[in-house]
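Before any comments, here is the structure.
There are 2 protein chains.
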Amino acid sequence: MGSKELVPQQGLPPGFRFFPTDEELLVHYLCPKVSDELFSPTIIGEIDLYKFDPWVLPGKALFGEKEWYFLSHRDCKYPNSSRPNRAAGSGYWKATGTDKVIAVGGRRLGIKKALVFYVGKAPKGFKTNWIMHEYRLCDSAPSTSNSTKKQLTTADTMLRPRRVFTSYVVTNILSPPHCTNQ
Amino acid sequence: MGSKELVPQQGLPPGFRFFPTDEELLVHYLCPKVSDELFSPTIIGEIDLYKFDPWVLPGKALFGEKEWYFLSHRDCKYPNSSRPNRAAGSGYWKATGTDKVIAVGGRRLGIKKALVFYVGKAPKGFKTNWIMHEYRLCDSAPSTSNSTKKQLTTADTMLRPRRVFTSYVVTNILSPPHCTNQ
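Next comes the structure, spelled out in structure tokens:
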């Protein structure tokens, strides 16, 4: 266990840990962040995820054992495109598997996407065992505040008018299975 | 979520839940209980597990969503045998799979056994999807207190002199996959 991870667990009975459902991540962390950029949860730090190799990320998390959670601004490859920029550190993240739609109360709220990290330049990078689950809100997902929605659109709608609710993602980084203490 | 489960989670950020490792269950809950019968953790209740059908157990747990934890005295089939009594409620628990040895710091501390519940009389019961993971200490596992160890042996060694550390088990009951709100 890292030294940082005791912060939120302090005082809890042994065995309690952060183990959120997909729905909880969207409803309690991503929605509030998208609606209010000043929202700063005490247990999920905000970083520019694509600046770093994944093995650097555990050291930047507020806590975590084999999984680490981050809020990150969604970076786009081109100014007038919604295509995400997946280059990161010394390599790139590549989508794998099928996206999962996350519904809350019968409504599509978000998308969960799995990505694998490759070292090197696409498309000839070397696959690693580092995995990321990226959660983003569906375009039609509701904001929790109209006023903050307007603040966000000021910066966002000029570039991607239909994507004002996907400006942030929340991610879950998983270390390779053989790494137990990174 | 059941109404009871908010007790230990109250005040925690969303996404925190009781999700202990095998080692944590043994070290922080079973070892203290075996060493001191008066040990009463606030989050794992003590019941006579074999009095009940598994679908009754969620209502008797201190909290839980799809998994519930209990401490239970280890019941033996015959007075002079260490063979456990697996009859419970309207059926019986039957071992499945391979036992897992749980080591802590390189030492064998306990055994994790998976069991499935059958309705009816053995060996012709009907298999259900209710699963139990039973954790017991290895016979050689250390007590945390010599004095309480002596208190326990008063009752225990007369029947099973080599099994003073297996008088309690901690269990993890898992509901069938299709049950989401039991």
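Sequences listed follow chains H and V, in order. As numbered in this note's numbering, the first sequence has no gaps in its residue numbers, which increase by one up to the final residue, 182. As numbered in this note's numbering, the second sequence has no gaps in its residue numbers, which increase by one up to the final residue, 1182. Glycine is no exception: its CB is placed at the ideal position from the N, C-alpha and C atoms. All values reported here derive from a predicted model rather than from experimental measurement.
Euclidean distance between Cα positions of G15 of chain H and F1019 of chain V: As a first step, residue 15 of chain H is located in the first sequence; it is residue number 15 there, counting from the start. As a first step, residue 1019 of chain V is located in the second sequence; it is residue number 19 there, counting from the start. Taking the CA atoms as reference points, G15 of chain H sits about 6 Å from F1019 of chain V.
For D1022 of chain V, count neighbouring C-beta atoms within 10 Å of its own C-beta (all shown protein chains included) and say buried if the count is 16 or more, exposed if not. Position 22 of the second sequence holds residue 1022 of chain V. The residue is buried, with at least 16 neighbouring Cβ atoms inside 10 Å.
Within the 8 Å Cβ cut-off, does P1014 of chain V reach chain H? By 1-based counting over the second sequence, the position of residue 1014 of chain V is 14. Yes, contact with chain H.
Per-residue contacts from E1067 of chain V into chain H (C-beta, under 8 Å): One-based indexing of the second sequence puts residue 1067 of chain V at position 67. Under the 8 Å cutoff, chain H gives no residues; its nearest Cβ is about 11 Å from E1067 of chain V.
Run of the beta strand (DSSP E) containing V1170 of chain V, from where it starts to where it stops: Position 170 of the second sequence, counting from 1, holds the residue named residue 1170 of chain V. Segment Y1168 to L1174, the beta strand (DSSP E) holding V1170 of chain V.
Could you give the DSSP three-state label for G1002 of chain V: helix, strand or coil? Start at 1 with the first residue of the second sequence, and residue 1002 of chain V comes out as number 2. In this predicted model, G1002 of chain V has a pLDDT of only 37, less than 50, meaning its place in the structure is not dependable enough to derive any value.
Residues within the region 27-60 of chain H neighbouring chain V, beta-carbon criterion of under 8 Å: Per Cβ criterion, the list reads V27, H28, Y29, P41, T42 and I43.
Every unbroken alpha helix (DSSP H) inside the region 29-79 of chain H [4 residues or more]: The region 29-79 of chain H contains these whole alpha helix (DSSP H) runs: 31-35.
Assign L1152 of chain V to one of two classes, buried (16 or more other C-beta atoms within 10 Å of its C-beta) or exposed (fewer than that). Position 152 of the second sequence, counting from 1, holds the residue named residue 1152 of chain V. Below a pLDDT of 50, predicted positions are generally treated as unreliable, and L1152 of chain V, at 33, falls in that range; the measurement from the model is reported next regardless. Per the 10 Å Cβ criterion, buried.
Please list the terminal residues of the continuous beta strand (DSSP E) segment that includes D99 of chain H. Here residue 99 of chain H corresponds to residue number 99 of the first sequence, with the count starting at 1. Residue range G91 to V104 is occupied by the beta strand (DSSP E) that includes D99 of chain H.
Can you find a C-beta in chain H that's less than 8 Å from the C-beta of F1063 of chain V? Walking along the second sequence from the start, residue 1063 of chain V turns up at place 63. For F1063 of chain V, not one C-beta of chain H is nearer than 8 Å to its own C-beta.
Alpha carbon to alpha carbon, what distance is there between K1124 of chain V and V101 of chain H? Counted from its first residue, the first sequence places residue 101 of chain H at position 101. Counted from its first residue, the second sequence places residue 1124 of chain V at position 124. Rounded to whole angstroms, the gap between the alpha carbons of V101 of chain H and K1124 of chain V is 43 Å.
Just the chain H side, please: which residues come within less than 8 Å of F1019 of chain V by C-beta, in chain order? Walking along the second sequence from the start, residue 1019 of chain V turns up at place 19. Those are G15, F16, R17 and F19, listed as they occur along chain H.
DSSP three-state call for L109 of chain H: helix, strand or coil? By one-based count along the first sequence, residue 109 of chain H stands at place 109. Strand, per DSSP.
N- and C-terminal bounds of the beta strand (DSSP E) containing R17 of chain H: As a working note, residue 17 of chain H is residue 17 in the first sequence. Element bounds for R17 of chain H: F16 to F18.
Just confirm the distance between the C-beta atoms of A114 of chain H and T96 of chain H, as a whole number of angstroms; I'd bet it's less than 8 Å. On the first sequence, residue 114 of chain H is found 114 positions in, with the first residue counted as 1. On the first sequence, residue 96 of chain H is found 96 positions in, with the first residue counted as 1. Going by Cβ atoms, the distance from A114 of chain H to T96 of chain H rounds to 5 Å, so yes, they are a contact pair.
E24 of chain H versus chain V: which residues are under 7 Å apart at the beta carbon? As a first step, residue 24 of chain H is located in the first sequence; it is residue number 24 there, counting from the start. Identification of chain V residues near E24 of chain H by a Cβ-Cβ cut-off of 7 Å yields P1014 and G1015, ordered along the chain.
Residue from H:G105, H:L26 and H:W130 whose Cα sits closest to the Cα of P177 of chain H: Stepping through the first sequence from its first residue, residue 177 of chain H is reached at position 177. The residue with the shortest Cα to Cα distance from P177 of chain H is H:W130.
Other residues of its chain near V1104 of chain V: CB distance less than 8 Å, five sequence neighbours each side excluded: Translated into the one-based positions of the second sequence, residue 1104 of chain V becomes position 104. Excluding residues within five positions, the ones whose Cβ falls inside 8 Å are E1023, L1026 and V1027.
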